[in-house]
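Below you'll find the structure, written out as structure tokens, and then a few comments.
Chains as they are written, first to last, in the working numbering: chain A, 306 to 700; chain B, 306 to 700.
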């Protein structure tokens, strides 16, 4: 009797999490090295309940649809993993003849991946455990970027381009667009790419900088003297200099606190303090589920990461994560490598200083150069509104 | 010296307002009947300021880009039109040798269109004034539907499909998606089309029905007994049985009052009354600016409406609006006709009773049949998650 393989998803889905699943399943099928390819139904919790989905039974057509389906076809979870759970996992691995475990997820999931690897080594069990990076927020360390981010960046850049075209047509004084990424501003920052098509945001506020209401109001006022409609992109995780979120908590669980919308908060601030019309937009989860704006580069790299992790496990690697090293921005070139999972576990990667402008309300050319290739194809061409004469509009 | 033509946009942009502009400009160019094709810069106000854009100077390439550019390349406005303005408009029409006026807009703009037509007739001036329907909200009377709606409907249906795939992967108890259309529920209702791909919303609340908080909470509770993650689509204009909006006003001008977000309000209601995790999403303006989800049927009809209005003006028609009559749902067939603008002016068209389900939390098969062809191509195929076993999740 041969060995089996199990794939486990952790954390929030991305537009290409299923693409990594596709890459892993295809590689596992092609290898001929496993009897069964299992998906843990709804993450580690599903694994602990021995609730498996038979991925080997997916038809080629179904596998193809994975590339264009957001979410995750095997579910995922955010459940905490306890010390006892690792003991239980090793027992189940033995019981189900599992020789290979692939974890696809973010920092928390890579932590689980590393701890399971260690537990298995301690028990002297010959089981290979590999990580597939997955995050829209791009906060996984060591790798240049992670699958999931390029599509979230493409969604944000393209949506802000469309929003700016709309706002320029019918100036609403201030429109605030909220972007995901509570502690890392990568998605927020990617909105700046819209500017390369002539429709960029006017101000960008990242969680890497303390948010100052007075500075914000001053930034907005200064711009409104020059143009009648401005677009602001703000991270959902903005906080003040003491680290307190600028919005109030709305829901608390034992594990986490959830906060109100930064977009409507900032819009109301403009209304209250300046008396200008303002509104907030918050696409929220749509930004990680958009197939229309899926980045083809991101999708291909997600497939690659899934395949790499699977093949590395078959080659005897364990306790590592598929990662990318940037070789060149233009032409875009990356080199895949295996990162030691110890270096990845629970480190949160935020934007470096050289990617953020001095005023703390925008990004640098260095960031644009780094981010541009990740969104895949160029943003759509639009007609230039530059031939329009200047707009005058009273308060 | 020949006559000139002017095109004026009114009200909020759509994903295909520029497509109607394209249709009108192409028809005007092809006719050889006008010396100049003007665009009023920023709506009627631009016209009153004699601020014109020379649309005849747009290259073929630029005109082509109009089809893929949201917003409006000549701007628009929501400024009120006063009685004196009509007198002034007739003077400027004479001064600038304008023989043809095309208004592209919604109910308010069609009102302006009809009043200008009457003012010109009273003065015995031989000027043709025609209307091009434009609204994402689909609230223009007489016509089966209006350009702009199909794309807004496609955006909403596709976004809800993606959102539902995400929520099914990682159940958040309740996600509330806010849809545009303050008084008319057409866009909100169109989200139901996502259900035909297996990823439809669980509850839909339209502004055509009084919103009852207790019923809403009961609906949500009932569903949460059966499944762990539900998606609710709610109109931005929900109001109680007395007609009061369910959210508080956040900004007032002389002309209008702006309200808070229905999405976060309902999410907070679920949190407060049921203790379940809930969140709101509000793509807002993105829903009328999306080229990615532009409906090809809508775009073609927008071009047609622009062309029709222009050609009808050249043929001597005035005081009318381009309109569509539905001949058949399947195969989809419409018949263009000219509607008397008197019948259109300021009537607000809401959803008929036979399109809304009895419980007031969903739509009927009749609505789906009517709406389906308007979004153009079918929604994308996604892998079915049905093979997943049932999910259990505690409160």
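Heads up, the beta-carbon is just placed ideally off N, CA and C, and yes, glycines get one too.
Bear in mind the structure is a predicted one, so any value in this text is a computation, not a measurement.
Do the stretch 437 to 455 of chain B and the stretch 483 to 502 of chain B make contact, defined as three or more Cβ pairs closer than 8 angstroms?
-> yes
is_contact[residue 342 of chain A, chain B] using C-beta, thresh 9 angstroms = no
In chain B, which residues lie less than 7 angstroms from residue 474 of chain A when you measure between Cβ atoms?
-> 318, 376, 377, 380, 381
Got a sec? Which residues, its chain only, sit under 7 angstroms from residue 373 of chain B by beta carbon, not counting five neighbours each side?
-> 596
Any C-beta of chain A sitting closer than 9 angstroms to the C-beta of residue 412 of chain B?
-> no
In terms of residue numbering, what span does the beta strand (DSSP E) encompassing residue 357 of chain A cover?
-> 357 to 359
Three-state secondary structure (DSSP) at residue 694 of chain B?
-> Caution applies to residue 694 of chain B, whose pLDDT of 40 falls short of 50 and renders its modelled position unreliable; the value that the coordinates give is listed next. In the structure shown, residue 694 of chain B sits in coil (DSSP, three-state: anything other than H, G, I, E or B).
According to the neighbour-count rule (16 or more other Cβ atoms, all chains shown, within 10 Å of its Cβ), is residue 633 of chain B buried or exposed?
-> exposed
Close Cβ partners of residue 255 of chain B (< 8 angstroms) along its chain, the five nearest in sequence each way excluded | Here chain B covers residues 306 to 700 and nothing more, so residue 255 of chain B does not appear.
What distance in whole Å lies between the Cβ atoms of residue 644 of chain A and residue 509 of chain A, which are believed to be in contact at a cut-off of 8 angstroms?
-> Rounded, the Cβ-Cβ distance is 30 angstroms, inconsistent with contact.
At what residue ranges does the stretch 314 to 350 of chain B contain a whole run of the alpha helix (DSSP H), taking only runs of 4 or more?
-> 322 to 336
Does the Cβ of residue 364 of chain A have 16 or more other Cβ atoms within 10 Å, making it buried, or fewer, making it exposed?
-> exposed
Would you say residue 587 of chain B touches the ligand HEM, meaning its beta carbon is less than 8 angstroms from a heavy atom?
-> You won't find the ligand HEM in this model; it holds no ligand whatsoever.
Contacting positions in the stretch 347 to 360 of chain B - beta carbon closer than 7 angstroms to chain A = 347, 356, 358
Should residue 688 of chain A be labelled buried (16 or more other beta-carbon atoms within 10 Å of its own) or exposed?
-> buried
N-terminal and C-terminal residue of the beta strand (DSSP E) that residue 483 of chain B is part of = 479 to 484
Interface residues of chain A facing residue 569 of chain B [CB-CB closer than 9 angstroms] = 555, 565, 566, 569, 587
Are any of the Cβ atoms in chain B nearer than 9 angstroms to that of residue 686 of chain A?
-> yes
Residue 385 of chain B by DSSP, collapsed to three states: which one?
-> coil
If I'm right that residue 594 of chain B touches residue 471 of chain A with Cβ under 8 angstroms, what's the distance once you round it to whole angstroms?
-> 4 angstroms
To the nearest angstrom, report how far apart residue 657 of chain B and residue 528 of chain B are at their CA atoms.
-> 27 angstroms
On a CA-only basis, which of B/618, B/679, B/316, B/637 is nearest residue 431 of chain B? Give me that one, please.
-> B/618
Beta strand (DSSP E) runs contained entirely in the stretch 486 to 523 of chain B, provided each spans 3 or more residues | 508 to 510
In the structure shown, what three-state DSSP assignment does residue 584 of chain B receive?
-> strand
With a Cβ-Cβ cutoff of 9 angstroms, do residue 610 of chain B and residue 641 of chain B count as a contact?
-> yes
DSSP-derived helix/strand/coil call for residue 449 of chain B = coil
Can you name, in chain order, every residue of its own chain whose Cβ lies under 7 angstroms from the Cβ of residue 421 of chain B, other than the five neighbours on each side?
-> 391, 394, 406, 434
Return the chain-ordered list of same chain residues with a C-beta closer than 6 angstroms to the C-beta of residue 333 of chain B, the five sequence neighbours on each side being excluded.
-> 310, 339, 342, 615
DSSP three-state call for residue 686 of chain B: helix, strand or coil?
-> coil
Just mark residue 638 of chain A as buried or exposed, buried being the case when its beta carbon has 16 or more other beta carbons within 10 Å.
-> exposed
Compute the beta-carbon to beta-carbon distance between residue 544 of chain B and residue 516 of chain B, rounded to the nearest angstrom, for a pair I have assumed lies under 8 angstroms.
-> 6 angstroms
Status (buried if at least 16 other CB within 10 Å, exposed otherwise) for residue 693 of chain A | Note that residue 693 of chain A has pLDDT 46, beneath the 50 cutoff, so the model's placement of it is unreliable and the number below is only indicative. With 16 or more Cβ atoms within 10 Å of its Cβ, residue 693 of chain A is classed as buried.
Compare the C-beta of residue 480 of chain A with all C-beta atoms of chain B and state if any pair is closer than 9 angstroms.
-> yes
Closest by CA to residue 650 of chain B, which one among B/630, B/452, B/413?
-> B/413
Using CA coordinates, which residue listed in A/677, A/383, A/686 is at the minimum distance from residue 458 of chain A?
-> A/677
Pair within 9 angstroms by beta-carbon distance, residue 468 of chain B and residue 381 of chain A = no
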